[in-house]
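Here the structure comes first, spelled out in structure tokens, and everything after it is commentary.
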Amino acid sequence: MASAPSLDTPAQRGAPLLEARALAFYRQDEAVFGPLDFSLTASELMLIEGDNGSGKTTLMRILTGLLRPEEGELFWRGERLTWDRCSGEVVFLGHQLGLKAELSARENLAFTIGLHGHRNQSGIEQALTQVGLSGLEDEPVRKLSAGQKKRVALARLLLVPAILWLLDEPYANLDRAGIELVDVLLEAHIAHGGSALVTSHGAVQFHGGEPQRIHLHD
Ligand SMILES: Nc1ncnc2c1ncn2[C@@H]1O[C@H](COP(=O)(O)OP(=O)(O)OP(=O)(O)O)[C@@H](O)[C@H]1O
């Protein structure tokens, strides 16, 4: 397993990577969530829990810059968060996997590396094996099942040099082994100094320590 990128200086190691202050989002004057305050440092996992419609994806879309918060502020390493500032350090896995249907799993991952960089010496072949896709490396992604596509997207996490993983419902479409795979990837990432913010509407089993939890309400 490749190790997560290390933080640059001892000072940065203790400082929050991501911080939200009084973050809130409204639709038609009704609060979707917030105000929320949280901070996430290296080697930390935060679970965003809540029922369907409670605002988990909305929060993720704000964190990835796809939506603007109505109120509050976000900071990356102590400075106002801008996509430029955290570019290359954050990877997002959402409901839309962003895979190119006509390309194979291998080609999709090569494309990802070209775009986002490559974490040390970890190989595409190795990543695909780790997510259980041996033998399917060269199939066009359009021929893969929903769970297999999700596994291709998970393989990306192993390859890119991001310290913060933003995972929106990473367990969706996965069988029991796939769910365990997500937990193993998360535990290894956290153990190697990475951080992750994970949404889920179900109970998450995490054996790498007690995560922070935020519960969103309808
Ligand atoms: N594009 C949109 N336009 C208007 N309202 C929206 C839009 N997307 C989401 N909403 C509303 O915002 C609220 C939060 O939705 P969101 O998708 O963030 O919830 P969620 O917790 O991620 O749900 P789920 O567990 O079903 O994925 C819901 O009431 C939803 O109806």
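Under UniProt numbering, the first residue of the sequence shown carries the number 1, and numbering increases by one thereafter. Ideal Cβ placement from N, Cα and C applies to all residues, glycine included.
Assignment of L216 by DSSP, reduced to helix, strand and coil, places it in the coil class. A check of alpha carbon separations from T58 across L167, G114 and D183 identifies L167 as the nearest. In this structure, N108 has its CB at a distance of at least 7 Å from all heavy atoms of ligand 1.
Taking the Cβ of K56 as the reference point, at least one heavy atom of ligand 1 falls within a distance shorter than 7 Å. In the DSSP assignment, D37 falls within the beta strand (DSSP E) that extends over E30 to L40. E187 sits in a helix when the DSSP states are folded into three classes.
Residue environment: W83 is assigned as exposed (fewer than 16 neighbouring CB atoms within 10 Å of its CB, all protein chains considered). In this model, L157 and L181 are separated by some 12 Å (Cα to Cα).
Here the C-alpha atom of R27 lies approximately 36 Å from the C-alpha atom of R176. Secondary structure at E139: coil, using DSSP grouped into helix, strand and coil.
G72 is the residue among E49, G50 and G72 whose C-alpha sits nearest the C-alpha of R21.
Within the chosen limit of 7 Å, ligand 1 does not reach the beta carbon of H189 with any heavy atom. With the rule of 3 Cβ pairs closer than 8 Å, the segment 98-107 counts as touching the segment 138-145. Checking the 7 Å criterion, the Cβ of H215 is out of range of every heavy atom belonging to ligand 1. It is roughly 34 Å from the alpha-carbon of G88 to the alpha-carbon of E30. In this structure, L40 and L18 form a Cβ contact; the two beta carbons are roughly 5 Å apart against a cut-off of 8 Å. Ligand 1 never approaches E137 closely enough for any of its heavy atoms to be under 7 Å from the residue's Cβ. Around the beta carbon of L115, fewer than 16 other beta carbons sit within 10 angstroms, so the residue counts as exposed. In the three-state DSSP reduction, L66 falls in the coil class, being neither helix nor strand. Between the alpha carbons of S195 and L164 lies a gap of roughly 5 Å. Looking at the DSSP output, T199 sits in a beta bridge with I48 and D168. With respect to the 8 Å criterion, G55 and L216 are classified as neighbours on the basis of their beta carbons.
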